[in-house]
Amino acid sequence: MPNLLVSVADPAEAVRAAAAGADLIDAKDPAAGALGALPAEAIRAIREAVGRSRTVTAVIGDLVDSESVLDAAERVAATGVDMVKVGLFPGPDRAALVAELGRRLRGRTRLVGVLIADRALDLALVPAAAAAGFAGIMMDTEGKAGGLLAATSPSERTGFVALARRHGLMVGLAGSLRIADIAGLAALGPDLIGFRGGLCEGLDRRRPLVMDRVAEAAAACRAAAAGRLGLTA
Numbered sequence: 001m002p003n004l005l006v007s008v009a010d011p012a013e014a015v016r017a018a019a020a021g022a023d024l025i026d027a028k029d030p031a032a033g034a035l036g037a038l039p040a041e042a043i044r045a046i047r048e049a050v051g052r053s054r055t056v057t058a059v060i061g062d063l064v065d066s067e068s069v070l071d072a073a074e075r076v077a078a079t080g081v082d083m084v085k086v087g088l089f090p091g092p093d094r095a096a097l098v099a100e101l102g103r104r105l106r107g108r109t110r111l112v113g114v115l116i117a118d119r120a121l122d123l124a125l126v127p128a129a130a131a132a133g134f135a136g137i138m139m140d141t142e143g144k145a146g147g148l149l150a151a152t153s154p155s156e157r158t159g160f161v162a163l164a165r166r167h168g169l170m171v172g173l174a175g176s177l178r179i180a181d182i183a184g185l186a187a188l189g190p191d192l193i194g195f196r197g198g199l200c201e202g203l204d205r206r207r208p209l210v211m212d213r214v215a216e217a218a219a220a221c222r223a224a225a226a227g228r229l230g231l232t233a
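Reminder that position 162 of the sequence shown reads as 162 in this note's numbering, one-by-one numbering, no gaps.
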């Protein structure tokens, strides 16, 4: 069954999203970009509010400069989250950046690389992430108007999941998704499916989460898993 990752903006949302069925709680500032980072103290507060009942992840921000990425990843790792999500935005020497992230942070946290599907999608970074000791790899989008389904073809999504699997990486899909997208994406076999805007008031990621929608998304993940196993929901 794909796990449901829900991005939250504060501890109150984190606690309520976990209670509604989110498997992973992702600390993110929705107003600060596609992978907008919260301050370190806010990430720590989310970690403390959720405790160990859920896996907590956090993003480092929409950063391109390698030194800025490395510094931000170390700051977020120091908050005690389970996983640090690093956006691999197009830029020079991305493979070298991935290797250096692994060298600095392996053993301190679990790293998840995030490929930006509506930019230049460099699939060579998937084996590079595996070689660097990353725990996982995701697809997300920078622009949220069209989302993942508009930015990628079915064959690209299928190939991405298969490539990550071949390299032993946890694999996730995100990017302005809707609850109705879960069944089709779950059929590809990702480990997690990520949401924010599709579960918010007015489908606007800058507005609060609607917990009934979180619960509906969690139920859809369970139903998709049951369908793949040939079980009744």
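By construction, the Cβ of each residue, glycine as well, lies at the ideal position given by its N, Cα and C atoms.
Spatial distance of residue i from residue j (CA atoms)
i: L5; j: L169; result: 17 Å
i: G21; j: A42; result: 22 Å
i: E74; j: V112; result: 13 Å
i: R47; j: D82; result: 9 Å
i: V56; j: R196; result: 15 Å
i: V84; j: A187; result: 26 Å
i: G175; j: A99; result: 25 Å
Assigned secondary structure, residue i (DSSP; H/G/I helix, E/B strand, else coil)
i: G87; result: strand
i: T158; result: helix
i: R106; result: strand
i: L203; result: helix
i: V210; result: coil
Strand pairing of residue i, partner residues [DSSP]
i: D140; result: I116
i: I25; result: V6 and V56
i: G194; result: L5
i: V81; result: Note: V81 sits in no beta bridge, so no partner.
i: V171; result: I137
7 Å Cβ shell around residue i - same chain, five flanking residues per side excluded
i: A130; result: H167, G168 and L169
i: F134; result: G102, L111, V112, G113 and L169
i: V50; result: A14, V15, A18, I25 and V56
Distance CB(residue i)-CB(residue j) smaller than 9 Å
i: G189; j: V161; result: yes
i: L177; j: G136; result: no
i: L38; j: A18; result: no
Own chain residues within Cβ distance below 6 Å of residue i, not counting five before or after
i: A27; result: L38, I43, I46 and A58
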